[in-house]
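This report refers to the structure that appears directly beneath it.
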Ligand code: IPE
Ligand code: IPE
Ligand code: MG
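Numbering (the numbering used here), first residue to last: 436 to 688.
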């Protein structure tokens, strides 16, 4: 039986986040330059997005470029940016056909003009779509996001729009780039690295983590189903005991 058949379609996560890692190593193994790996990562994105859309998953957040990735060699950054432009260009039609709404989180002002305008174009074109929200994390890092939130929050307190005492989880959440998006229930990282690399740190407080040795360009829907099947076997306790969960999820028991 394939992993898809094992899935309980009523218990799928609403939001899956992915750290797409291992492009460089994939290319190196084949004796090619790193960008060859990035180019081949697009097929993995396409297959995963399609699978997520088909399953009816509501949000898929892909880590495409981190704040720290700006420290890579200029040639690699340039190649990644032009890959972004051409991919958005080519794939917008498919997104529309699959009822996918494109969104982006991150310090988008730091993106080259052409990337920013292509991205904005695709976001505008897919705005009315009601299926999967595909969220690209671009020039994104959690510490950037949290600091940015803290700064804006402080500004609002200074302006008298908000009292310090009123700052709680849900207020703080409205200052994040993911405001209004439910926290991911599942985070997948490919390429066998066991770290979070500055991704969605606030949002993954109770997220299930799934690590696979598969390098991103080899990742396909079957790998995605496998991660979902693994997720469905886990008991999410949120600080409670197993027994409390069995007694009808009764919060007072
Ligand atoms: C992930 O693959 C893609 C980006 C970070 C943009 P890498 O480029 O990090 O590939 P490895 O980890 O060096 O193999
Ligand atoms: C994380 O991968 C960022 C993206 C996938 C965009 P990296 O390859 O940049 O992370 P580290 O350096 O291994 O932590
Ligand atoms: Mg990497």
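The beta-carbon is built from N, C-alpha and C at its ideal position, and this holds for glycine as well.
All values reported here derive from a predicted model rather than from experimental measurement.
Which one of the options has the shortest CA to CA distance from residue i?
i, options, result
"residue 570", "555, 525, 583", "555"
"residue 440", "674, 643, 663", "663"
"residue 475", "651, 665, 682, 581", "651"
"residue 548", "527, 559, 517", "517"
"residue 603", "584, 616, 593", "584"
"residue 535", "566, 672, 610", "566"
"residue 436", "673, 657, 502", "657"
"residue 503", "577, 608, 616, 615", "577"
"residue 508", "526, 470, 493, 531", "470"
"residue 559", "586, 531, 575", "531"
"residue 493", "500, 484, 499", "484"
"residue 442", "490, 630, 625", "490"
"residue 453", "670, 676, 626", "626"
"residue 537", "522, 608, 606", "522"
"residue 646", "499, 589, 586, 630", "630"
"residue 433", "539, 552, 649", "Shown here, the chain extends from 436 to 688; a query on residue 433 therefore has no answer."
"residue 460", "481, 586, 632, 653", "653"
"residue 639", "546, 673, 681", "673"
"residue 563", "592, 681, 579, 533", "533"
"residue 618", "446, 438, 496, 468", "496"
"residue 500", "487, 515, 606", "515"
"residue 456", "681, 628, 660, 510", "628"
"residue 622", "642, 482, 479", "642"
"residue 573", "589, 612, 598", "612"
"residue 445", "676, 667, 615, 682", "667"
Beta carbon of residue i: closer than 8 Å to some heavy atom of ligand 4?
i, result
"residue 456", "As far as ligands go, the structure on display features ligand 1, ligand 2 and ligand 3 and does not contain ligand 4."
Return yes when the C-beta of residue i is under 8 Å from any heavy atom of ligand 2, and no when it is not.
i, result
"residue 645", "no"
"residue 666", "no"
"residue 503", "yes"
"residue 481", "no"
"residue 572", "yes"
"residue 655", "no"
"residue 632", "yes"
What do you reckon, is the C-beta of residue i under 8 Å from a heavy atom of ligand 1?
i, result
"residue 650", "yes"
"residue 626", "yes"
"residue 541", "no"
"residue 499", "yes"
"residue 534", "no"
"residue 472", "yes"
"residue 515", "yes"
"residue 461", "yes"
"residue 469", "yes"
According to DSSP, which residues form a beta bridge with residue i?
i, result
"residue 573", "500"
"residue 453", "497, 623"
Would the beta-carbon of residue i be found less than 8 Å away from any heavy atom of ligand 3?
i, result
"residue 476", "no"
Within the stretch 534–568, note down every full beta strand (DSSP E) run reaching 3 residues or more, in order along the chain.
-> Under the rule that a run must span 3 or more residues, the beta strand (DSSP E) segments found entirely inside the stretch 534–568 read 536–540.
Tell me the start and end of each unbroken alpha helix (DSSP H) in the stretch 594–680 that is at least 4 residues and wholly inside, in chain order.
-> Listed in chain order, they are 604–608, 656–667.
Quick one: which unbroken alpha helix (DSSP H) runs of 4-plus residues sit fully inside the stretch 437–481? Chain order, please.
-> Runs of the alpha helix (DSSP H) lying entirely within the stretch 437–481 and spanning at least 4 residues, in chain order: 438–441, 458–464.
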